[in-house]
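Residue numbers (this note's numbering), protein chains in the order written: chain A, 109 to 246; chain B, 2 to 95; chain C, 2 to 117. By construction, the Cβ of each residue, glycine as well, lies at the ideal position given by its N, Cα and C atoms. These numbers come from a predicted model, not from an experiment. What follows is one structure encoded as structure tokens, with my remarks underneath.
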Amino acid sequence: MAANPIHSYTLVITGAPYSTQAPQTALSFARAAIAAGHTVDRVFLYGDGVHLASSLCAPPSDETHWPTEWSTFLTDNGIPGVACIASALRRGLVNESERKRYELSASNLLKPFIIAGLGEWVEGNMASSRTLYFHAGG
Amino acid sequence: MTDIHTLHILNKTPEHPRSKACRDALRPGDALLLIESAVLALAAQSGPESDVPVYALASDIVARGLGQCAREASLVDFPAMVDLTTRAQNVISW
Amino acid sequence: MGTLMVIDQPPYGIWAGREALDMAFSLAAFDQPVSILFTGAGVNWLRTYQDTREINQKSVEKNLSAAPIFGVEAMYACARACTQYGLGPENMVDGVVLAENSSDLIRQHSHTAFAG
Numbered sequence: 109m110a111a112n113p114i115h116s117y118t119l120v121i122t123g124a125p126y127s128t129q130a131p132q133t134a135l136s137f138a139r140a141a142i143a144a145g146h147t148v149d150r151v152f153l154y155g156d157g158v159h160l161a162s163s164l165c166a167p168p169s170d171e172t173h174w175p176t177e178w179s180t181f182l183t184d185n186g187i188p189g190v191a192c193i194a195s196a197l198r199r200g201l202v203n204e205s206e207r208k209r210y211e212l213s214a215s216n217l218l219k220p221f222i223i224a225g226l227g228e229w230v231e232g233n234m235a236s237s238r239t240l241y242f243h244a245g246g
Numbered sequence: 002m003t004d005i006h007t008l009h010i011l012n013k014t015p016e017h018p019r020s021k022a023c024r025d026a027l028r029p030g031d032a033l034l035l036i037e038s039a040v041l042a043l044a045a046q047s048g049p050e051s052d053v054p055v056y057a058l059a060s061d062i063v064a065r066g067l068g069q070c071a072r073e074a075s076l077v078d079f080p081a082m083v084d085l086t087t088r089a090q091n092v093i094s095w
Numbered sequence: 002m003g004t005l006m007v008i009d010q011p012p013y014g015i016w017a018g019r020e021a022l023d024m025a026f027s028l029a030a031f032d033q034p035v036s037i038l039f040t041g042a043g044v045n046w047l048r049t050y051q052d053t054r055e056i057n058q059k060s061v062e063k064n065l066s067a068a069p070i071f072g073v074e075a076m077y078a079c080a081r082a083c084t085q086y087g088l089g090p091e092n093m094v095d096g097v098v099l100a101e102n103s104s105d106l107i108r109q110h111s112h113t114a115f116a117g
């Protein structure tokens with residue numbers, strides 16, 4: 109049997125941490141993909157998924173801090189994490205330049221996440237060999 | 002090597018409308034992977050009732066106390082889930 | 002053959018449909034072939050005479066009318082769901098193709114995606 113080809117993934121997370129299992133399933137999947145020699149081109153946060161990029165989550169200390177876990181994973185592996193700008197601004201997730209533009213009291217975008225448009229998702233769709241979605245369950 | 006036409010990844014309970022839509026969409030050559038709340042189908046009396054291979058994420062089964070109910074599905078871990086996505090031509094996340 | 006964005010959630014009470022529409026419009030803006038399937042409670046997007054002034058939301062009927070302009074290839078509606086929700090030619094927006102079998106439609110597209 110031929111060796112499995114190397115794949116590239118765009119992962120789209122639409123479920124929020126602490127209200128869905130989506131960010132944790134996605135993280136376990138991403139870790140396994142990297143370990144198997146595949147690449148994760150980018151992680152795109154959409155809808156409620158943008159809450160994963162908040163630097164202001166403060167879960168109880170005996171619970172996993174999913175934004176931090178994701179932030180560390182993305183940084184360690186040099187994977188771009190992108191929060192959809194339309195989803196983010198509506199839900200109160202802003203970087204420094206959006207804070208200035210809308211004259212808001214604070215910014216809260218966790219590093220290394222960036223804020224960008226849906227074009228990032230379209231590009232991922234085109235460039236990656238697989239696009240996987242991690243939605244809210246139910 | 003894509004020996005699976007479409008891999009259907011389902012994370013909804015059996016009652017969820019999307020679970021039914023997912024079941025309706027299964028065709029010979031496809032595979033079904035149950036994750037998160039979807040593994041509860043293995044505890045339901047009707048079971049996952051499917052003509053295609055059914056896989057289920059072991060960590061989600063164990064977490065829900067369903068280790069004894071999992072006979073109708075092949076249990077997979079995350080490396081095996083990754084492998085399934087590489088074997089499929091298309092992947093639908095329901 | 003392109004992406005099928007599926008809207009299976011109703012308008013106004015939940016935001017997922019709007020976000021699916023935005024995804025479809027983005028694909029179209031980048032010249033990627035995309036169609037939309039309304040199914041389940043999602044077919045309620047397609048009813049005419051939606052008047053949303055009292056709930057202070059933009060009418061999705063207006064959003065939808067932009068689909069052909071953006072270059073969305075086709076809008077399909079699950080025939081069974083339309084029957085279930087009392088939708089017919091007399092109370093449905095124009096330009097929607099009834100799909101007798103949504104599963105076949107999914108089969109015909111290389112990508113099928115939900116917004117949430």
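Per DSSP, A/Arg-238 is not a residue of any alpha helix (DSSP H); the beta strand (DSSP E) it occupies stretches across 238 to 242. Judged by beta-carbon spacing, A/Leu-164 lies beyond the 8 Å limit of A/Ile-121, meaning their Cβ atoms are not closer than that value. In the DSSP annotation of this structure, the continuous segment of the beta strand (DSSP E) that includes A/Thr-147 starts and ends at 147 to 153. Its chain contains Thr-118, Val-120, Gly-232, Asn-233 as the residues whose beta carbon lies nearer than 7 Å to that of A/Thr-239, once the 5 sequence neighbours on both sides are disregarded; these appear in chain order. Across the set B/Ile-62, B/Val-83, B/Thr-87, the C-alpha of B/Ile-62 shows the shortest separation from the C-alpha of B/Leu-76.
A/Ile-222 is positioned such that its CB atom lies no closer than 8 Å to that of A/Val-202.
Contact check between the region 45 to 60 of chain C and the region 79 to 99 of chain C: three or more CB pairs, one atom from each, fall below 8 Å, which counts as touching.
In the structure shown, B/Leu-76 falls within a strand segment according to DSSP collapsed to helix, strand and coil. A residue is called buried once 16 or more other Cβ atoms fall within 10 Å of its Cβ, and B/Ala-39 is buried on that count. Under the 8 Å criterion on CB atoms, A/Trp-178 is classed as non-interfacial with respect to chain C.
Around the Cβ of C/Glu-20, a 10 Å sphere holds 16 or more other Cβ atoms; the residue is buried.
Secondary structure at A/Gln-132: helix, using DSSP grouped into helix, strand and coil. Close partners of A/Ala-244 in chain C (Cβ separation under 7 Å): Gly-117.
Within chain C, the residues whose beta carbon sits less than 8 Å from that of A/Asp-156 are Gly-117, listed in sequence order. Residue contact with chain B for C/Asp-23: absent (no Cβ-Cβ distance below 8 Å to any residue of chain B). Between A/Ala-130 and A/Ala-244, the C-beta spacing is below 8 Å.
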